[in-house]
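Notes for the one structure printed next.
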Amino acid sequence: MELNLFIIAVWTVAVAGAAGLAAVLGWMYGRGRRDAERTYEDIPVSFSREKYYPMNVLLSLDEENFLATLPGYRPEMRTRFRRDRRRIFRMYLRDLRRDFGRLHSQARALAAHSGAEGAGLVSALLRQQVAFWASLAMLEVRLALHWAGADSVAVRDAVECVERMRLNVSQFENA
Numbered sequence: 001m002e003l004n005l006f007i008i009a010v011w012t013v014a015v016a017g018a019a020g021l022a023a024v025l026g027w028m029y030g031r032g033r034r035d036a037e038r039t040y041e042d043i044p045v046s047f048s049r050e051k052y053y054p055m056n057v058l059l060s061l062d063e064e065n066f067l068a069t070l071p072g073y074r075p076e077m078r079t080r081f082r083r084d085r086r087r088i089f090r091m092y093l094r095d096l097r098r099d100f101g102r103l104h105s106q107a108r109a110l111a112a113h114s115g116a117e118g119a120g121l122v123s124a125l126l127r128q129q130v131a132f133w134a135s136l137a138m139l140e141v142r143l144a145l146h147w148a149g150a151d152s153v154a155v156r157d158a159v160e161c162v163e164r165m166r167l168n169v170s171q172f173e174n175a
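Note that the numbering used here numbers the sequence shown so that position 89 is 89, with each residue one more than the last.
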């Protein structure tokens with residue numbers, strides 16, 4: 001009897017986890033599709049990795065530790081500070097998703113209009129999209145861990161994916 005309850009509990013957790021992962025991936029895919037519905041002319045080309053530099057230090061423990069040394073510091077201030085920083089981080093993350101989506105849409109449009117020359121670009125686009133989604137999923141896990149009290153969150157992989165996409169678009173446009 002106890003073994004059956006254990007098996008049911010394990011299956012319930014596994015199914016709930018799979019459903020949660022599917023929901024997150026579906027949500028991320030839907031956001032990318034909305035950006036992809038724009039026409040080629042509507043998509044700006046500019047992307048600056050420097051815009052996202054603050055994300056690297058936004059959730060750093062250094063600033064939290066500095067806050068704790070200030071006069072008048074109360075422990076509840078740390079909770080609010082961390083929550084506000086995660087909110088700002090998510091704003092940057094939303095912009096990063098949008099930049100990737102726009103660049104990806106532009107690259108797809110370039111590949112579609114280039115004929116046989118764009119065949120190599122299509123496979124690269126797919127690999128880059130999967131890599132970007134994987135880095136976003138990892139960022140979401142790290143944000144959850146940050147909420148639980150873990151260290152800072154590194155965004156280098158996600159920014160690098162967008163930078164590679166920008167480089168592919170600019171190389172293909174100049175070819």
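No residue lacks a Cβ here, since even glycine has one placed at the ideal position from N, Cα and C.
Under a Cβ-count criterion, where at least 16 other Cβ atoms within 10 Å of its own Cβ denotes burial, should ALA134 be classed as buried or exposed?
-> In the assembly as shown, ALA134 is an exposed residue. Its beta-carbon has fewer than 16 other beta-carbons within 10 Å.
From MET165 to SER114, what does the alpha carbon distance come to, in whole angstroms?
-> Separation of MET165 and SER114 (C-alpha to C-alpha, rounded to the nearest whole angstrom) is 17 Å.
Under a three-way DSSP split, which group does ALA148 fall into?
-> The DSSP-derived three-state label of ALA148 is coil.
Apply the 10 Å Cβ neighbour rule to GLY149 and answer buried if 16 or more other Cβ atoms are within range, or exposed otherwise.
-> Per the 10 Å Cβ criterion, exposed.
Say whether chain D places a C-beta atom closer than 9 Å to the C-beta of VAL155.
-> Among the chains in the structure shown there is no chain D, since it carries only a single protein chain.
What are the start and end residues of the alpha helix (DSSP H) that includes GLY101?
-> Following the DSSP letters along the chain, one finds GLY101 inside the alpha helix (DSSP H) bounded by residues 75-114.
In angstroms, rounded to a whole number, what distance separates the CA positions of ARG85 and GLU163?
-> If you draw a straight line from the Cα of ARG85 to the Cα of GLU163, it comes to about 24 Å.
Does the segment 124-143 touch the segment 64-73, meaning 3 or more C-beta pairs lie closer than 8 Å?
-> These segments do not touch.
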